[in-house]
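The opening residue of the sequence shown carries number -16 in this note's numbering; numbering runs sequentially from there.
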Amino acid sequence: MQKIAVVNDMSGLGRCSLTAAMPVLSVLGTECCPLPTAILSNQTGYDSFFCADLTDKMEAYIAEWRKRSVHFDGILTGYLASAEQADRILTFLNEFKTETTLYVCDPVMADDGRVYDTYDDALCGKIAMLAARADVLTPNLTELCILAGTSYEMLTAESGTAAYMQKIADVASALLCGSVQTIVVTGVRVQDEICNLIVTEHGYSAVRSRRFGGSYSGTGDLFSAVLTGELVRGKTVMFAVEKAVRFLEASIAETYARGTDRNDGVNFQNYLEMLLDEKVRP
Ligand code: PXL
């Protein structure tokens, strides 16, 4: 069974990060191996939260993995607790990202034009260093703008124009460099639709879905987990993005209909079966 190391936090409430990635990767028939960055009572969008930063535990944790000569088919990184932790993850990549390891970097740091409260410039700078090592990047529009040094306000001011998608694709193209061959810009709002743009050196394609309500906690984490699992299983980016989008569209439709608070995340549990296909079982 393919192993995927998931470098992300464990939040008790909010259905995000590891609590999103673990069930998704398991349903896809891959082994999710968590490398926890922090343990939180709940994700940071709620009014308050408890956070135990695990930066100083990572070395001992990784040392045990080293002893076992474990090989990862995929590595997925997400929420980080400190800039120092990002350095440890860069070292982890040097050792555990082999020629046969797919590295998907979800550059978690911002949404809706705002950097998360727990992220500062130093940490955002380190995320950019991680992003440069990735094979696949999954920024939302805000994260894309930070990585590319583009104004979010100026870019989103073009929303509604015919050239909007091309403009976003042009911004993303600037990040295609070295190992970074594919960028999936997630959750772009266009009127009553959500657009996900797949950007490669060959151009861009868009996968659209209906839009329900605002942004929900954990959506990006669910998306990156489906994408990573399917790519590690050898599926194309288009197939993987379609699957992630249909899964999220159904989950978010129910979440919206129930009036769930955005901080409580998406009712994805009822839709995990959409990720199953006959090839998962031998
Ligand atoms: O879903 C991204 C995310 C992950 N982990 C934590 C967060 C957030 C977004 O707010 O707070 C702890």
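In this text, a Cβ means the ideal position worked out from N, Cα and C, and glycines have one as well.
Grouping DSSP H, G and I as helix and E and B as strand, with all else coil, what is residue i?
i, result
"Gly108", "helix"
"Leu(-4)", "coil"
"Val228", "helix"
"Leu214", "helix"
"Leu18", "strand"
"Arg323", "With the chain running from -16 to 265 in the structure shown, residue 323 is simply not present."
"Asn(-9)", "strand"
"Ser198", "coil"
"Gly203", "helix"
"Asn123", "strand"
Can you grab the Cα-Cα spacing for the pair residue i / residue j, in whole Å?
i, j, result
"Gln149", "Arg216", "30 Å"
"Glu213", "Ala223", "6 Å"
"Gly201", "Arg51", "31 Å"
"Ser134", "Glu47", "43 Å"
"Thr101", "Gln252", "28 Å"
"Lys218", "Phe79", "22 Å"
"Leu255", "Arg241", "18 Å"
"Leu258", "Leu(-4)", "23 Å"
For residue i, which residues in the same chain have their Cβ closer than 7 Å to its Cβ, ignoring the five residues on either side in sequence?
i, result
"Ala21", "Asp(-8), Cys34, Ala35, Asp36, Leu37, Ala64"
"Val98", "Met92, Cys107"
Decide if residue i is buried, meaning its Cβ has at least 16 other Cβ atoms within 10 Å, or exposed.
i, result
"Met112", "exposed"
"Arg49", "exposed"
"Arg191", "exposed"
"Lys40", "exposed"
I'd like the list of long-range same chain contacts for residue i, defined as Cβ closer than 6 Å, with 5 residues on each side in sequence excluded.
i, result
"Val171", "Leu124, Cys178"
"Leu76", "Arg116"
For my contact list, residue i and residue j are in at a C-beta cut-off of 8 Å; report their separation, rounded to the angstrom.
i, j, result
"Asp118", "Ser162", "5 Å"
"Gln(-15)", "Gly57", "7 Å"
"Ala131", "Leu158", "6 Å"
"Ile129", "Ala93", "6 Å"
"Phe195", "Ala236", "5 Å"
Residues in the same chain with beta-carbon distance under 8 Å from residue i, minus the five sequence neighbours each way, listed in chain order, please.
i, result
"Ser142", "Arg172, Val173"
"Leu8", "Ile(-13), Val(-11), Glu14, Cys15, Ala208, Thr211, Gly212"
Does the beta carbon of residue i come closer than 8 Å to any beta carbon on chain D?
i, result
"Leu159", "The chain labelled as chain D is not found in the depicted structure, where only one protein chain is given."
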